Amino acid sequence: MPLTAVKIYPKQYHATLGKGLRDLVAFLINDHASITGPGWSIVEAFDSAAVSRQIPSTPSGSGALNSFTGTFSWKDDTLTTDDWIVLETNIAGGNPEFQFYMEYATATTLQYIMFPFEDFSTGGGAVSPPTFPSRAVGSTTSVVTHTAFGTAGEGWYTAVADEQMLSFCITMGGKTSISWGYVGSIDEAFSNDTRPFVIYDNPSVVIIYNGSGGTYWNRVSPIDNDTIIGTGYWMMPKPGAAATDLFIDSTFWLPRQPLASPGIVFTGTHNHVVGFLRNVYMGHNGNAYRNILGSKDYICFSDDPTDACIVFPWDGSTEW
3 MPLTAVKIYP KQYHATLGKG LRDLVAFLIN DHASITGPGW SIVEAFDSAA VSRQIPSTPS
63 GSGALNSFTG TFSWKDDTLT TDDWIVLETN IAGGNPEFQF YMEYATATTL QYIMFPFEDF
123 STGGGAVSPP TFPSRAVGST TSVVTHTAFG TAGEGWYTAV ADEQMLSFCI TMGGKTSISW
183 GYVGSIDEAF SNDTRPFVIY DNPSVVIIYN GSGGTYWNRV SPIDNDTIIG TGYWMMPKPG
243 AAATDLFIDS TFWLPRQPLA SPGIVFTGTH NHVVGFLRNV YMGHNGNAYR NILGSKDYIC
303 FSDDPTDACI VFPWDGSTEW
């Protein structure tokens, strides 16, 4: 469970993906000039122009990006393609964490992959990408490619995060086009599932729906703590075997506008229910295509108004 309340990075406009990525990293390590973040730490970063790979002298907190030395893109806010960074979550008391690799791959593509056993090797060759641990999880074992918008990744960048999860979206035209991603912890996992970390691998699919056809969730299996599995899908409640999904049934649920925590289940040889997403909810498709709920306490969005939408907690003030 989270140790503190979710931190919100509310709809920040950036003209390029490089600017957006660097600002999102500053938020995650709580090094942003105006937005409080969850306090993740930097493990290592790479500047492709300088052909330099560095471990910062201050791994987390205020001043972390400035603690890189010399000319270095992450410090100087001059990212170019092939620059990458590895971050680590921030859980006190020796609880399991994960590491998260992000690469500014092209002008419009962000690539990322999760290291659920915190076993990234620092100090390797100054290359992009670096060597990944054997149990790295993205789109199974390959990176997830998250495409931004415009010719340079122009758009509005939004995130919610705590010490052990990140969910973010990139929009274009304010909110006319959208992509979405999630990486991190699941709540209510079984006690022997000590690293219930998942990653979503299809950022262009921005809906929650019932059925095993869209297996977009990946993780290392808790059954043997070794096998990487990619057969995870959403769980959506139904009122009965022959009835419509609750979150797309307007006859009863639309007037009540319910929110629920979506669950994730894996099928096949490593069949199991993981638990429920943290700080991400499912909402009725009638909430609106992309809109604010309540008094700006939540936002909802999807890429298909006929399916259940994704809902984030919101800051109560920023217009979505």
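Each number in our numbering comes from the position in the sequence shown (counting from 1) with 2 added on. Ideal Cβ placement from N, Cα and C applies to all residues, glycine included. Everything numeric in this text was worked out from a predicted model, so none of it was measured.
In this structure, DSSP gives residue 28 a helical state, which the three-state scheme calls helix. In this structure residue 103 is buried. Its beta-carbon is surrounded by 16 or more other beta-carbon atoms within 10 angstroms.
By the neighbour-count criterion, in which a residue is buried when 16 or more other Cβ atoms sit within 10 angstroms of its Cβ, residue 136 is exposed. In the structure shown, residue 319 falls within a coil segment according to DSSP collapsed to helix, strand and coil.
The beta carbon of residue 164 lies closer than 8 Å to those of 4, 5, 6, 7, 8, 9, 40, 280, 281 in the same chain, with the five residues before and after it left out. Scanning 90, 293, 286 for the CA closest to the CA of residue 180 turns up 293.
Taking a C-beta distance under 7 Å as the contact criterion, residue 277 and residue 188 qualify as a contact pair. DSSP, reduced to helix, strand and coil, places residue 270 within a helical segment of the structure shown. Of 233, 60, 260, the smallest CA-CA separation from residue 239 is found for 260.
Across the structure, residue 228 and residue 197 are spaced so that their CA atoms are roughly 11 Å apart. Inclusion of residue 161 and residue 300 in the CB contact set at 7 Å is not warranted, their separation being larger than that value. In this structure, residue 192 keeps its C-beta atom at 7 Å or more from the C-beta atom of residue 130. Under DSSP, the beta-bridge partners assigned to residue 295 are 300.
The beta carbon of residue 285 sits closer than 6 Å to the beta carbons of 261, 302, 311, 313 from its chain, once the five residues preceding and following it are set aside; these are given in chain order.
Boundaries for residue 158: no alpha helix (DSSP H) harbours it, while the beta strand (DSSP E) harbouring it runs 157-164, taken from the DSSP string. Judged by their CB atoms, residue 116 and residue 201 are nearer to each other than the 7 Å cut-off. The straight-line gap separating the alpha-carbon atoms of residue 78 and residue 17 is approximately 17 Å.
Beyond the five residues adjoining it in sequence on each side, residue 266 comes within less than 8 Å, by CB distance, of 188, 200, 219, 234, 235, 236, 237, 275, 276, 277, 278, 279 in the same chain, given in chain order. Apart from the 5 residues on each side of it in sequence, residue 74 sits with its Cβ closer than 8 Å to the Cβ of 47, 49, 52, 54, 56 in its chain, given in chain order. Bounds of the alpha helix (DSSP H) holding residue 78 are 75-78. Shortest Cα-Cα distance from residue 177 to any of 226, 208, 69 involves 208. Rounded to the nearest whole angstrom, the CA to CA distance from residue 232 to residue 19 is 28 Å.
If only complete runs of 3 or more residues are kept, the segment 214-243 shows the beta strand (DSSP E) at 219-222, 230-237, in order along the chain. For the pair residue 174 and residue 155, the CB atoms are not nearer than the 7 Å cut-off. In the three-state reduction of the DSSP assignment, residue 69 falls in the helix class. Looking at the DSSP output, residue 106 shares a beta bridge with 112. Non-local C-beta neighbours of residue 69 in its own chain, meaning closer than 6 Å and more than five positions away in sequence, comprise 58, 59, 60, ordered along the chain. Looking at the DSSP output, residue 277 shares a beta bridge with 266.
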